[in-house]
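**Q** Numbering (the numbering used here), first residue to last: 38 to 376. Below: one structure in structure tokens.
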Amino acid sequence: MRIRSLVPALACLAAAPLAIAADGPSVKFDGFVDTVYSITNNEHGGGSTGFNYAGKLGVSAAISDKVSAQVDLNIDVDGSTGVNDNGVTSRQAYGVWKVIDGVELKTGKFISDYGWTAAYAPGLYRINGGLLPTLYGVDQVGVNAKYSMGDLAVALTVANGFFGEGVGAGNQDGTQDNEAYAVGLDVVYTLGEMGSVNLELINDSDVGDGEDGNGTHIGVNATLTPTKELTVGAEIISQTVNNTDGGKDDQATGAMVLANFKLATAMPMSVTGQYSFLDQDSGSTSDTVKNELAVALLTNPAGTDKLGANLELSYTTVETDSEDTEYSIGLAGEILYVF
Numbered sequence: 038m039r040i041r042s043l044v045p046a047l048a049c050l051a052a053a054p055l056a057i058a059a060d061g062p063s064v065k066f067d068g069f070v071d072t073v074y075s076i077t078n079n080e081h082g083g084g085s086t087g088f089n090y091a092g093k094l095g096v097s098a099a100i101s102d103k104v105s106a107q108v109d110l111n112i113d114v115d116g117s118t119g120v121n122d123n124g125v126t127s128r129q130a131y132g133v134w135k136v137i138d139g140v141e142l143k144t145g146k147f148i149s150d151y152g153w154t155a156a157y158a159p160g161l162y163r164i165n166g167g168l169l170p171t172l173y174g175v176d177q178v179g180v181n182a183k184y185s186m187g188d189l190a191v192a193l194t195v196a197n198g199f200f201g202e203g204v205g206a207g208n209q210d211g212t213q214d215n216e217a218y219a220v221g222l223d224v225v226y227t228l229g230e231m232g233s234v235n236l237e238l239i240n241d242s243d244v245g246d247g248e249d250g251n252g253t254h255i256g257v258n259a260t261l262t263p264t265k266e267l268t269v270g271a272e273i274i275s276q277t278v279n280n281t282d283g284g285k286d287d288q289a290t291g292a293m294v295l296a297n298f299k300l301a302t303a304m305p306m307s308v309t310g311q312y313s314f315l316d317q318d319s320g321s322t323s324d325t326v327k328n329e330l331a332v333a334l335l336t337n338p339a340g341t342d343k344l345g346a347n348l349e350l351s352y353t354t355v356e357t358d359s360e361d362t363e364y365s366i367g368l369a370g371e372i373l374y375v376f
């Protein structure tokens, strides 16, 4: 369950009318422009500085009371490969059919249900997403059927893949071998005003070095709002990819806890603290363990929640089989516009 509907210090994406026909569909757009300046330094005196950016233009169409569609166009650096392709990609392009009350069918390409951390910058409680989104798989291309009844929502997704052609692949497009699909179940139970809990179960076929093994994902996360000022998030993920070519199975375990507190100040602002842990064992090669501590200050200095000026400080340690534990320190500043 991506937390895109909750509102951190900066409001979530707002939709504004673009064109409305008198007796036809209504069309709305939303988006953001995000600029981040980052400084990193490690124990060896190395590091990097620089600006990076991301932008999104989303168009949603309410075609009828039962049919709608969404297209998101994104402009950014490819985070999975680090390549400055500066291209425009369609992060989402899907339609939704409300078959009956409580039942929805979504088809096309869409951000998966899996994972707690929001996919887009305006939904984040800090500048960066942290360690765990590397375990969230690829954007889905397929079918998602959702059933909602009271406080319970259950979604079943059948997609071209979850782990992709390799773990960390940015997209899952194209054709599949026969019956080689990712099947995922996402169950969300809402605790009234106190938050929600979420269970994720996924099985993906034709993954691993042998290309005919199975990959599994088990995730549990929760969002708690004990007061209107405090939001707490927590997540645990376990993944296994079977290597059928004789190698050791790939395994990954991740966990995080986050707290965001809104401050009682004249300027709207909040503070976030997060701890994340990630252990990735790539079979016969190496085992990498990462720990991250991060604190962030989120502000709306222009008198509108459509502009955020945010700061973040992070401390990360990396331990591998072949090297001693190394650390790095990161500082980031962000200006985020939302429309």
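Note that CB positions come from ideal geometry on N, CA and C, so glycine has one too.
#1: If you draw a straight line from the alpha carbon of LEU142 to that of TYR131, how long is it in whole angstroms?
#2: Can you name, in chain order, every residue of its own chain whose Cβ lies under 6 Å from the Cβ of GLY291, other than the five neighbours on each side?
#3: For TRP153, decide whether its Cβ has a neighbour in chain B, counting only Cβ atoms nearer than 8 Å.
#4: Helix, strand or coil for MET186, going by three-state DSSP, please let me know.
#5: Identify every run of the beta strand (DSSP E) within the stretch 299 to 369, keeping only runs that are complete inside it and at least 3 residues long; order them along the chain.
#6: Quick check on ALA217: does DSSP put it in helix, strand or coil?
#7: Look up ALA139 in the DSSP assignment and say whether it is helix, strand or coil.
#8: Would you identify the three-state DSSP class for LEU160, choosing helix, strand or coil?
#9: Quick check: the stretch 261 to 269 against the stretch 191 to 198, are there 3 or more CB pairs under 8 Å?
#10: For LEU222, list the residues DSSP reports as bridge partners.
#11: Would you call the stretch 133 to 141 and the stretch 232 to 242 touching, i.e. three or more CB-CB distances under 8 Å?
#12: Check for me: the beta strand (DSSP E) holding PHE377 runs from which residue to which?
#13: Is TYR374 closer than 8 Å to PHE69 when the C-beta atoms are compared?
#14: Return yes when the Cβ of VAL220 is within less than 8 Å of the Cβ of VAL191, no when it is not.
#15: Could you give the first and the last residue of the continuous beta strand (DSSP E) run that contains VAL175?
#16: Name, in chain order, the residues that DSSP records as bridge partners for LYS285.
#17: Determine the contact status of GLU381 and THR86, defining contact as a CB-CB distance below 8 Å.
#18: Sorted by chain position, which residues of the same chain lie with C-beta nearer than 6 Å to ILE366's C-beta, five sequence neighbours on each side aside?
#19: What's the C-alpha gap between GLY203 and GLY252?
#20: Compare the Cα-Cα distances from GLY82 to each of VAL244, THR126, PHE376, TYR364 and report the closest residue.
#21: Starting from ASN279, trace the beta strand (DSSP E) in both directions and tell me its first and last residue.
#22: If contact is defined by three or more beta carbon pairs under 8 Å, each pair taking one atom from either stretch, is the stretch 299 to 319 in contact with the stretch 331 to 345?
#23: What does ASN258 pair with, by DSSP beta-bridge criteria?
#24: Taking the straight line between their C-alpha atoms, what separation do you get for ASP102 and ASP342?
#25: According to DSSP, what are the bridge partners of LEU425?
#26: Between PRO305 and the rest of its own chain, which residues show a CB-CB distance below 6 Å, the 5 nearest in sequence each way excluded?
#27: Using beta-carbon positions only, say whether GLN276 and HIS254 come within less than 8 Å of one another.
#28: With distances taken from CA atoms, which of THR154, GLY345, PHE298, THR268 is nearest GLU230?
#29: Starting from THR86, follow the beta strand (DSSP E) in both directions and report where the run begins and ends.
**A** The structure says:
#1: 10 Å
#2: Taken in chain order, the residues that qualify are LEU169, LEU172, ILE274, LEU315.
#3: The displayed structure is made up of one protein chain only, and chain B is not part of it.
#4: strand
#5: 306 to 319, 324 to 336, 344 to 357
#6: DSSP places ALA217 in the coil class of the three-state scheme, outside both helix and strand.
#7: A small fix is needed here, since residue 139 is Gly in this sequence, not Ala. Of the three classes helix, strand and coil, the one that applies to GLY139 here is coil, per DSSP.
#8: A small correction: the amino acid at residue 160 is Gly; Leu does not occupy that position in the sequence shown. Note: GLY160 maps to helix in three-state DSSP.
#9: Flag = no, the stretch 261 to 269 and the stretch 191 to 198 do not touch.
#10: LEU193, LEU238
#11: Flag = no, the stretch 133 to 141 and the stretch 232 to 242 do not touch.
#12: As displayed, the chain neither begins before 38 nor continues past 376, which places residue 377 out of reach and without an answer.
#13: yes
#14: no
#15: VAL175 -> no beta strand (DSSP E), and no H or E assigned at all.
#16: According to DSSP, which records beta bridges pairwise, LYS285 is partnered with nothing at all.
#17: Nothing can be reported for residue 381, as the shown portion of the chain is limited to 38 through 376.
#18: ASN78, TYR352
#19: Bear in mind that the predicted position of GLY203 carries a pLDDT of just 44, short of 50, making it unreliable; the figure below should be weighed with that in mind. So the alpha carbons of these two residues sit roughly 11 Å apart.
#20: TYR364
#21: Premise fails: ASN279 is in no beta strand (DSSP E) and is neither H nor E.
#22: Taking a contact to require three or more Cβ pairs closer than 8 Å, the stretch 331 to 345 and the stretch 299 to 319 qualify as touching.
#23: Looking at the DSSP assignment, ASN258 forms a beta bridge with ASN235, GLU272.
#24: 30 Å
#25: The structure shown does not extend to residue 425, since the chain spans only 38 to 376, so no value can be given for it.
#26: ASN337
#27: Against a cut-off of 8 Å, the Cβ pair of HIS254 and GLN276 comes out as a contact.
#28: THR268
#29: 84 to 99
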